[in-house]
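Chemist: Protein chains in written order, with the numbering used here: chain X, 1 to 709; chain V, 1001 to 1551; chain P, 2001 to 2222. I'd like to ask you about the structure that follows.
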Amino acid sequence: MASATTPEAPATEDRFDRVATTTCGYCGVGCRLETRARDGRVVSIAPALDGPANEGHTCLKGRFAHGFTRSPDRLKTPLIRVDGELRPASWEEALERIVDELTRIKGEHGPDAVAGLASSRATNEDCYAMQRLMRAAIGTNNIDNCSRVCHSPTSFAMRKSFGLSGATGSFSDIDHAEVALLLGVNPTQGHPVVGARIKQAALRGCKLITIDPRRIELADYGAIHLSPRPGTNAAVVLGLSHVIHREGLVDAAFIAERTEGWDAVEELLAGYDPASVEEITGIPAADLEAAALLYGEASSGSLLWGLGVTEHKYGSEVVQLLCNLAMMTGKVGKPGSALLPLRGQNNVQGSSDMGALPDTYTAYRSVEDEDVASQFEAAWGAPLSRHKGMTIPQMFDAAVAGDLKAMYIFGEDVAQTDPDTAHVAAALENLEFLVCQEIFPNETTKFADVVLPASAFLEKEGTFINAERRFQVVEPAIDPPGEARTDFEIIGEVARRLGHEFGWESPWDALDEVARLTPHYAGVSRERLGRSGLQWPVRPDGSDSPTLYDTVFDRPGGRGHFAALPYKAPGDAADDDFPLVLVTGRILQHYNAGTMTRRTGNARLVDRDVLEVHPVDAARLWITDGDKVSVRSRVGRIEVEAKVTDRIEPGHVFTTFHFPETRTNLLVGQSADVNTSCPEYKVIAVDVRPIAEQPSFVPVLADGDGREP
Amino acid sequence: MSRNLVELIRRHHAVDAPTALDLLKEAMEDHGELTDADRRAAAEASGLPEAAVYGVSTFYDDLLAPRGERHVRVCTGTACFVAAGERPVEELSAGLRLAPGERSADGAVSLAETVCLGFCHSSPAVRVGEEVDAGAGAIERALAGESRPAAEPDWSSLLPEPVLTRPGAWAGLRRALDTLGREGLLAEVEAAEVRGRGGAGFPAGAKWAFAAKAKGDEKFVVANGDEGDPGSYIDKYLMERSPELLLEGMALAGYAVGAGHGFVLCRSEYPASKPALEAAAARAREAGLLGEGILGTDFAFDVTIIEGAGSYVVGEETALLACVQGLRGTVSARPPFPAERGVYGMPTVVNNVETLANIPFVAARGAEAYRALSPDSETAGSKLVCFNERFARPSVYEVPFGMTVRELCEDVAGGLRDGHQIKAVQIGGPLGGILPASLLDTVFDFDALAEVGCMVGHGSILAFDETADMRDVARHLLRFGADESCGKCFPCRIGMRRAYEEFATDAPVDRARFEALLETLELGSLCAHGSGIPAPMRSLLTHFPDELGLR
Amino acid sequence: MSEVTVDAAPDALRVTIDGTTLEVAPGTTILEAAQAAGRWIPTVCFDDRQAPFGACRVCMVAVEGSPRPLPACTTPCGNGMKVETEEPTARRVARTVVELVLSELPEPPEPHTELARVAARLGVDGSRWSGAVHPHEDDFRHPYLALRHELCISCGRCVRACDEIQGAFALTATGRGFEANIVAGLDAGFEESTCVSCGACADTCPTDAISEIGLVAQLERS
């Protein structure tokens, strides 16, 4: 790969026979990639030099982790469960079975007995097709996507505070920020290219304030690191706001002209002085003050957060408090002052933007809104329900209760990634009919009645929307293997057989329909997206929106909304029986369920989940580095290898959920965000103890010298 | 230099704390070799990434050769080569039964090459531990384990009143603080036209003016005491005999540009330099001449003495700054110049030791008096020159510019001893042109020497006598050039090696191909190491073509 | 004479590249100005994702008033500067450097590599020199990254990619002079270092000294 000064590569590069430029399907950064294939296999992927989000860089997942596309256990034919076993079937058989069952169940129990789950890894067009299938072909609003379990609180909160569900700026704002505050996010692991960008900015002088129970890598490059107890983020943000207010660092003009609701917040802040906040969070008062002054005194500052904020009982409230913080200091709508929720998956932004949600159509317009609903009715030629559908947690509850009879899930392994695995298993077990559309057999397909072989991101065309609201084109590098088909085709075919014809020749037609029916995306088209994509809102003339809210917020009256929300304790807390708090999360080398990454060389680099334990806790619990330990929560128990590290604080532990054998999510209970039901993956009270291989015959004294008593 | 690595160092540094390089050197001194544990510890302490520390550990001579209880370092500099050829290495190697770079199995003794020890007046020289033995019998004594420190001849001045060969008296600093003020001092130094004495000849006043204007939270002065030129021991004498003069010059530089701290980087091949400087600095602090509130004013300035670790190119100013910060001593492209971005990314003045030693006189007596020191020359100030062992009276001498080379060789240094005749002299260092005997009447001055393909350089005057084989000399110089290449720029990294290979065997030298190399080195190299080697080579091609075995 | 405007600002500099005059912002290098003027200057150690390094000396150009050629990548434009990119001496130096580089490799670079393409475009297809070459030392331990030390020409691009782009600082130059090369971490391979396997090093390497395992011909499986 070359720089701009290199002579062009020879026109015939005989190492590859098919090249394409696409967008990465791993995380929400949305790196643009040049794919090179030969003989139907992806041979090499390189970062696109002109990728707006990645500018010629990428990470090991986008770059190297493509081997999974040719993994031997790839699903290549449809499967139907016969006598308890999944056996290969033809497409005709499989599709007939699906149509028969869904029609039957719909007939016997009504359309709301069926639910669909769209994949946040799939394209916008796939998700749009899925929600149209559920709404127009089946007749229900029971459609959700996995943003439910990660950034739904962000979506809720930002719509409430500012009006639109997305970052207020772009990644490039990081380069212009004097200060950047990172709360509950570990970009060098979860969003590596953005993490690298932040690190370089920090080395150039951007002052980082990192706030996380763990001492994340970026803390080593930052100005100050705060380590709050898990679940106390709201108190931290309120404390920072208190100090800023006390020091007179608020932007009074901004508050007066551009916002509403300040008075209630001002009153609330009085109770969050640093000493009080220290009691709640464990953060030394002096540190909180220093961090607040850094942010408050800077002329530009960005706020970045991730699942360490949202996957909490009051996650949506914390996001609102972050919006408050930005509005108080006027640090929104300007270059360098952006609020950047680092959306996890490559298309978690898009799957929600496309309306694969129980309560909204595209661009978050309510299904209860008569104008919007009738517009879609007219476009689709089918009557549409005006009642909100079920969220994923509600779907599982309904399945267990027997009210939900069928589910059609594509691209999501709920049995591995959703909380309270036992509950999920019970729900899936109790369904009468489950269709899984996947690229690999997984924990969820174990419960499926029909499994359809679908396409990976390297095998489809369409668009993704990344964490900076950018629509970017996806072009296939290769074709799906065997008899696998693209998700888009499959969903279209199912809809057709259910009696609803989409009328699209390709995903681009679906995109055109989205643009026609959605004012915020009006100017989007494949042609206009080109190589750089466009950040919504995209006006009819094709101009897009790198920075939002520079003059008005997208709310009635145009003012940002201050929310006066006090700190409330998390849904779980350590006690005598479960004295440690577990935080779950991701690492660099793997992605979520590890479906793709575990089937690549990445598995050689990291081949298991480990539990990070602080040396003080390890000593107290007699755990040595590498020991197998048992981890028990109120709802489940797992066994995992321990790693002793001082990157975390005493009192809490951390593990990942990339390997199905670990079954980390068995430990996660029902506690979830009060507004959006996003599970509280980040605060789980646990008990950890070593598992001895053999009983010890020599009682050992507490000072460990092995003497007999 | 990597901006990020410099930033990491800046964030972790405390001005007197050891750098990663210092820590690696300590480990070598402690257990004679480096382990990964040493590298990790150095990384942890300095804030540098482990890989960067690994790179440091494989760059410097002092870190590479394993050390035994008795570490014998034999000098292979040009003066020692002229005096004894390959014999010192061969005899020590044979006697100790070790190749250079090896340590005996029982760890009792080790042998390494080093260049240059600064005992060119008494070549050959051998260093055992911290002592340098030299002259007749030095090799034998080293083999017998009976080395003793060699005497060093006194230095002297030809000027009516010595300027450089005298202990410092701090009169310049006093006058600067009392009378001249910052601006006045800058003006005086600029008017004095003090040209850099390290080889480049760049006006010190201009450098200081840039640094004074540059913006930075802190500024630094760095004294380049890495006099690596074989044949030159001028800075050694200054650092060890007039350290106060140097410290005063640094304080004056600091005062002029607004720097509060200085570093002296002295060579590790001169084990006596650092102790001498540290003792002088301690005395100066006691007397209120360094530290806070100097001479009762609000001017504060202090120094840290740092030792190098065995790399000739570290004498180049950007490589020097890299070494001061504990990084690999490779050269960096300029701009940015050190006056804009130097130590820790801050504005830095880098001056040669001798240059700085000139400043106290300028400050004390003024530009006019300084310019009058060389009445027969346009060039201002005086120059220290030194001579190699071939001469009758080898030592360091302070001379005015404007004398001829012949006068210097015959009148000052007494001509060659034992009836030998000068065949040629190399002036200014291994990258200086070679002046044949026929041109000895050339005036010793910047322009006059440049006209004959030579230079003032550092000021060393190294004689080849009639027994010298100029092809051997070419091979010796090219081997030095290749060994000391920092390895960054392609012309020098590869070209020096290829140039050496032309002379490495007895095969005839392809002249056209060799000239192509010289052109590429001269015009393409990143620094004066690569671009300098063509000068002596061209001298040899011009004046001694028949001896070179050309085709 | 043609005009191209890159950045017209009050303090803009006027510079002429091979007869084309353009206005550039202060701080613009000759290489950047040449690119804007559509003139090709060969480079080997340059990557526009990194700060210029000035190591290869292949980008030498003639600048009016300078007695010797100057490296385009690290020389800032001056007002009124006149540059000739193909001036004979400058080009001769550039070509000789490329010849020297070819001479240090045990075998010619593969045609798709940047080095091969630059050599081809400069018309350099062999070397007058033969002498020491880098010894073979191949590291194929990592699942994705292959490191073949014998192909390393010490251009520094990989080290700088890991420093300035990824910020993992896993690579370093090692050794000195002709023996200079690069290693990861404490020379125990990529996995034992702070490498995050992003591949920026393989991406920028002009000789495939660092490349993808999947693209190393000798390791190709059918």
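Idealized CB from N, CA, C, for every residue including glycine.
1) Quick check on the DSSP output: the beta strand (DSSP E) that includes residue 568 of chain X runs from which residue to which?
2) Counting only beta-carbon separations shorter than 8 Å, does residue 2203 of chain P have a partner in chain X?
3) Residues in the same chain with beta-carbon distance under 6 Å from residue 1358 of chain V, minus the five sequence neighbours each way, listed in chain order, please.
4) Which of the three DSSP states is assigned to residue 38 of chain X in this structure?
5) Residue 64 of chain X versus chain P: which residues are under 7 Å apart at the beta carbon?
6) Relative to the C-alpha of residue 343 of chain X, which residue among X:646, X:531 and X:185 is closest?
7) Roughly how many angstroms lie between the CA atoms of residue 369 of chain X and residue 272 of chain X, to the nearest whole one?
8) Short of 8 Å in beta carbon distance, which residues of its chain neighbour residue 1485 of chain V, apart from the five on each side in sequence? Order them along the chain.
9) For chain V, is any of its Cβ atoms less than 8 Å away from the one on residue 2125 of chain P?
10) Could you tell me the boundaries of the alpha helix (DSSP H) in which residue 1304 of chain V lies?
11) Going along chain P in order, which residues have a C-beta closer than 8 Å to the C-beta of residue 44 of chain X?
12) Quick check: is the beta carbon of residue 612 of chain X nearer than 8 Å to any beta carbon in chain P?
13) So which residues on chain V does residue 203 of chain X lean against when the C-beta distance must stay under 7 Å?
14) What is the DSSP secondary structure of residue 1344 of chain V, counted as helix, strand or coil?
15) Could you tell me the alpha carbon to alpha carbon distance between residue 1088 of chain V and residue 1113 of chain V, rounded to whole angstroms?
16) Indicate whether at least one CB of chain V lies closer than 8 Å to the CB of residue 2151 of chain P.
17) If you reduce the DSSP assignment to three classes, tell me which class residue 1416 of chain V lands in.
18) Return the CA-CA distance between residue 1157 of chain V and residue 1505 of chain V, expressed in angstroms with no decimal places.
19) For residue 2097 of chain P, which residues of its own chain have a beta-carbon under 6 Å away from its beta-carbon, when the five flanking residues on both sides are left out?
20) So, does the segment 343–363 of chain X touch the segment 386–403 of chain X, judging by three or more C-beta pairs under 8 Å?
21) Under 8 Å, do residue 30 of chain X and residue 675 of chain X count as touching if we go by C-beta distance?
22) Going straight from the alpha carbon of residue 664 of chain X to that of residue 424 of chain X, what length do you get?
23) So is residue 2027 of chain P buried or exposed if we call it buried at 16+ other beta carbons inside 10 Å?
24) Would you say residue 207 of chain X reaches chain P, if we count a Cβ-Cβ gap shorter than 8 Å as a contact?
25) Between which two residues does the alpha helix (DSSP H) holding residue 2044 of chain P run?
26) Is it the case that the Cβ atoms of residue 189 of chain X and residue 582 of chain X are separated by a distance below 8 Å?
27) Is the shortest distance between the beta-carbon of residue 2014 of chain P and the beta-carbons of chain X less than 8 Å?
28) What's the call for residue 1325 of chain V, buried or exposed, on a 16-neighbour Cβ count within 10 Å?
29) Using a Cβ-Cβ distance cut-off of 8 Å, determine whether residue 2018 of chain P contacts chain V.
30) Is DSSP giving residue 1155 of chain V helix, strand or coil here?
31) Give a yes or no on whether the C-beta atoms belonging to residue 1277 of chain V and residue 1243 of chain V are separated by under 8 Å.
32) Check whether the segment 403–419 of chain X and the segment 93–112 of chain X are in contact - that is, three or more C-beta pairs closer than 8 Å.
33) Let me know the beta strand (DSSP E) ranges lying completely inside the segment 1236–1291 of chain V, each 3 residues or longer, listed in chain order.
34) Do you know offhand how far residue 198 of chain X's Cα is from residue 169 of chain X's?
35) Please compile the residues from chain P whose C-beta is within a distance smaller than 9 Å of the C-beta of residue 34 of chain X.
36) Using only the alpha-carbon positions, how far apart do residue 516 of chain X and residue 533 of chain X sit?
Modeler: On the basis of the coordinates in this document:
1) Against the first sequence, residue 568 of chain X aligns to sequence position 568. First-last for residue 568 of chain X: undefined, no H or E at that position.
2) The sequence position of residue 2203 of chain P within the third sequence is 203, counting from 1. With 8 Å as the cut-off, residue 2203 of chain P counts as an interface residue toward chain X.
3) Counted from its first residue, the second sequence places residue 1358 of chain V at position 358. These residues qualify, in order along the chain: 1194 and 1381.
4) Start at 1 with the first residue of the first sequence, and residue 38 of chain X comes out as number 38. Correct three-state label for residue 38 of chain X: strand.
5) Taking the first residue of the first sequence as 1, we reach residue 64 of chain X at position 64. Within chain P, the residues near residue 64 of chain X are 2144, 2197 and 2199.
6) To locate residue 343 of chain X, count along the first sequence from 1; it is residue 343. Considering only alpha carbons, the answer is X:185.
7) For the purposes of this step, residue 369 of chain X is taken as residue 369 along the first sequence, with counting starting at 1. For the purposes of this step, residue 272 of chain X is taken as residue 272 along the first sequence, with counting starting at 1. Cα-Cα distance, rounded: 39 Å.
8) Against the second sequence, residue 1485 of chain V aligns to sequence position 485. Cβ neighbours of residue 1485 of chain V beyond the five flanking positions: 1313, 1492, 1493, 1496, 1497, 1529 and 1530.
9) Counting from 1 along the third sequence, the entry for residue 2125 of chain P is found at position 125. False, the Cβ-Cβ gap to chain V never drops below 8 Å.
10) Counting from 1 along the second sequence, the entry for residue 1304 of chain V is found at position 304. Premise fails: residue 1304 of chain V lies in the beta strand (DSSP E), 1302–1307, not in any alpha helix (DSSP H).
11) As a working mapping, residue 44 of chain X is identified with position 44 in the first sequence. Neighbours of residue 44 of chain X on chain P, chain order: 2212, 2214 and 2215.
12) As a first step, residue 612 of chain X is located in the first sequence; it is residue number 612 there, counting from the start. Output row for residue 612 of chain X: interface = no.
13) The count along the first sequence starts at 1 and reaches residue 203 of chain X at position 203. By Cβ distance, chain V contributes 1004 and 1007.
14) Residue mapping note: residue 1344 of chain V aligns to position 344 of the second sequence, counting from 1. Residue state, collapsed to three classes: helix.
15) Taking the second sequence and counting its residues from 1, one reaches residue 1088 of chain V at position 88. Taking the second sequence and counting its residues from 1, one reaches residue 1113 of chain V at position 113. Residue 1088 of chain V and residue 1113 of chain V: Cα-Cα distance of roughly 10 Å.
16) Counted from its first residue, the third sequence places residue 2151 of chain P at position 151. Taking Cβ atoms only, chain V never reaches closer than 8 Å to residue 2151 of chain P, which makes this a no.
17) Against the second sequence, residue 1416 of chain V aligns to sequence position 416. Three-state DSSP puts residue 1416 of chain V in a strand.
18) Residue mapping note: residue 1157 of chain V aligns to position 157 of the second sequence, counting from 1. Residue mapping note: residue 1505 of chain V aligns to position 505 of the second sequence, counting from 1. In a straight line, the C-alpha of residue 1157 of chain V is about 44 Å away from that of residue 1505 of chain V.
19) Working through the third sequence from its first residue, we reach residue 2097 of chain P at position 97. The answer, listed in chain order, is 2057 and 2058.
20) yes
21) Taking the first sequence and counting its residues from 1, one reaches residue 30 of chain X at position 30. Taking the first sequence and counting its residues from 1, one reaches residue 675 of chain X at position 675. No. Outside cutoff.
22) Stepping through the first sequence from its first residue, residue 664 of chain X is reached at position 664. Stepping through the first sequence from its first residue, residue 424 of chain X is reached at position 424. When rounded, the distance between both Cα atoms is 13 Å.
23) Locating residue 2027 of chain P in the third sequence gives position 27, where the first residue counts as 1. Answer is exposed; the Cβ neighbour count stays below 16.
24) Numbered from 1 along the first sequence, position 207 holds the residue referred to as residue 207 of chain X. Chain P contact via Cβ: absent.
25) Taking the third sequence and counting its residues from 1, one reaches residue 2044 of chain P at position 44. Segment: none, residue 2044 of chain P is in no alpha helix (DSSP H) and carries neither H nor E.
26) Here residue 189 of chain X refers to the residue found at position 189 when the first sequence is read from its first residue. Here residue 582 of chain X refers to the residue found at position 582 when the first sequence is read from its first residue. Going by C-beta atoms, residue 189 of chain X is not nearer than 8 Å to residue 582 of chain X.
27) Numbered from its first residue, the third sequence carries residue 2014 of chain P at position 14. Not one chain X Cβ lies under 8 Å of residue 2014 of chain P.
28) Here the question's residue 1325 of chain V lines up with position 325 in the second sequence. Classification of residue 1325 of chain V: buried, given that the 10 Å Cβ count is 16 or more.
29) As a working note, residue 2018 of chain P is residue 18 in the third sequence. Cβ-Cβ to chain V under 8 Å: no for residue 2018 of chain P.
30) In the second sequence, residue 1155 of chain V corresponds to position 155, counting from 1. Here residue 1155 of chain V sits in coil by DSSP.
31) Here residue 1277 of chain V refers to the residue found at position 277 when the second sequence is read from its first residue. Here residue 1243 of chain V refers to the residue found at position 243 when the second sequence is read from its first residue. A contact, by the Cβ cut-off of 8 Å.
32) yes
33) 1261–1266
34) The residue given as residue 198 of chain X occupies position 198 in the first sequence. The residue given as residue 169 of chain X occupies position 169 in the first sequence. Residue 198 of chain X and residue 169 of chain X: Cα-Cα distance of roughly 15 Å.
35) Working through the first sequence from its first residue, we reach residue 34 of chain X at position 34. Simply none; closest approach about 10 Å.
36) Translated into positions along the first sequence, residue 516 of chain X becomes position 516. Translated into positions along the first sequence, residue 533 of chain X becomes position 533. Distance between the alpha carbons of residue 516 of chain X and residue 533 of chain X is about 18 Å.
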